[in-house]
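Have a look at the structure below before the remarks.
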Amino acid sequence: MELVKHKIAVMSGKGGVGKTTVAVNLAVALAEDGFNVGLLDVDIHGPNVARMLGVEDMLSAEDEEIIPFEFADNLKVVSLAMILQEGAPVIWRGPLKHTALQQFLGDTRWGELDFLVFDLPPGTGDEALSLFQLVKMDGAVVVTTPQEVAIDDVRRTINFVLRMKQKVLGLVENMSYLVCPKCGEKIELFGKGGAERLSEEFKVPILSRVPFDPRIPQLSDVGKPVVSYYRNSDVEKSFRELVKNILEMLER
117 MELVKHKIAV MSGKGGVGKT TVAVNLAVAL AEDGFNVGLL DVDIHGPNVA RMLGVEDMLS
177 AEDEEIIPFE FADNLKVVSL AMILQEGAPV IWRGPLKHTA LQQFLGDTRW GELDFLVFDL
237 PPGTGDEALS LFQLVKMDGA VVVTTPQEVA IDDVRRTINF VLRMKQKVLG LVENMSYLVC
297 PKCGEKIELF GKGGAERLSE EFKVPILSRV PFDPRIPQLS DVGKPVVSYY RNSDVEKSFR
357 ELVKNILEML ER
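The sequence shown finishes on residue 368 if you use the working numbering, and the numbering steps up by one all the way, no holes.
Structural data, given as structure tokens:
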């Protein structure tokens with residue numbers, strides 16, 4: 117980890133809010149901006165990073181080190197899905213998961229990285245606890261949606277990060293609005309104001325608002341990151357804004 121400049125955890129309070137979508141597109145956008153990036157899928161029971169990138173290759177090893185898959189010249193990826201057979205369940209208790217994380221962190225040939233992005237599972241269970249004990253993060257990016265039930269869970273996640281004496285870089289409000297295809301106006305499908313309340317409560321910024329767009333899951337299902345394959349869209353712009361704001365936060 118000493119060769120990694122910045123470490124960013126992407127988290128959410130609950131599943132289904134688009135956390136992995138944010139982690140994948142954040143990593144790809146950083147790489148497209150010229151940074152050397154690693155992406156580590158820490159969601160042991162539901163590893164989806166490889167699928168969202170269209171990666172079917174299995175990881176290899178050399179001299180007792182894990183060799184990351186090179187998605188691009190400057191983007192390396194590691195996921196448990198690239199070790200297990202497709203559909204194989206992961207029936208592990210906490211100590212086994214802790215050991216796996218130690219190996220992913222210490223036995224992977226990451227090389228020199230500007231950023232290592234961690235895609236955590238929803239909530240604050242074993243994986244999050246182990247990771248925050250093992251790694252000093254530059255900060256956490258917490259993904260939410262406008263619904264009240266998501267806001268309640270995000271509050272718990274933020275409090276977890278603070279309890280672990282680590283930093284919250286800010287919030288990403290996913291599925292924030294729908295752009296009307298006819299008039300171009302923003303339609304707030306799931307309400308509004310939740311992210312603002314959390315931002316004010318915890319004094320953390322809203323790093324980006326990602327619109328609701330059916331092309332996001334469509335592209336993700338076929339392994340095409342929206343930031344690369346949906347150019348000049350509000351979705352792409354929202355991820356570029358996320359990168360810009362994270363870089364500004366890290367300079368403070």
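Backbone N, C-alpha and C fix where the C-beta goes; we use that ideal spot for every residue, glycine too.
Taking Ser354 as the centre and dropping the five residues before and after it, the same chain places the C-beta of Ser324, Arg325, Val326 and Pro327 closer than 7 Å to its C-beta, in chain order.
Contact annotation: Val284 and Thr137 have beta-carbon atoms that are not nearer than 9 Å.
Contact check between the stretch 137-152 and the stretch 335-352: three or more CB pairs, one atom from each, fall below 8 Å, which counts as touching. For Val351, the three-state secondary structure derived from DSSP is helix. Burial check for Met174: the Cβ neighbour count within 10 Å stays below 16, so the residue is exposed.
Counting only residues of its own chain and dropping the five nearest sequence neighbours on each side, Ile332 has a CB closer than 7 Å to the CB of Thr137, Val342 and Val351. Gly154 sits buried, since 16 or more C-beta atoms from the chains shown fall within 10 Å of its C-beta. Taking Ala188 as the centre and dropping the five residues before and after it, the same chain places the C-beta of Ala147 closer than 7 Å to its C-beta, in chain order. Between Val158 and Asp235, the gap from beta carbon to beta carbon is short of 9 Å. A distance below 7 Å between beta-carbons, with the five flanking residues on each side excluded, links Lys308 to the following residues of its chain, in chain order: Pro262.
Contiguous beta strand (DSSP E) elements confined to the stretch 168-233 occur at 176-178, 181-183, 185-188 and 191-194, taking only those with 3 or more residues. DSSP links Met127 through a beta bridge to Val258.
Between the beta-carbon of Gly134 and that of Arg272 there is about 18 Å, and that puts the pair past the 8 Å contact cut. In the three-state reduction of the DSSP assignment, Val144 falls in the helix class, which pools H, G and I.
When secondary structure is reduced to three states using DSSP, Gly310 falls in the helix class.
Counted as a single uninterrupted DSSP element, the alpha helix (DSSP H) harbouring Glu243 occupies residues Asp242 to Leu250. Classified as exposed, Leu200 has fewer than 16 neighbouring CB atoms from the shown chains inside 10 Å of its CB.
Inter-segment contact for the stretch 192-208 and the stretch 244-254 is absent: fewer than three beta-carbon pairs are separated by less than 8 Å.
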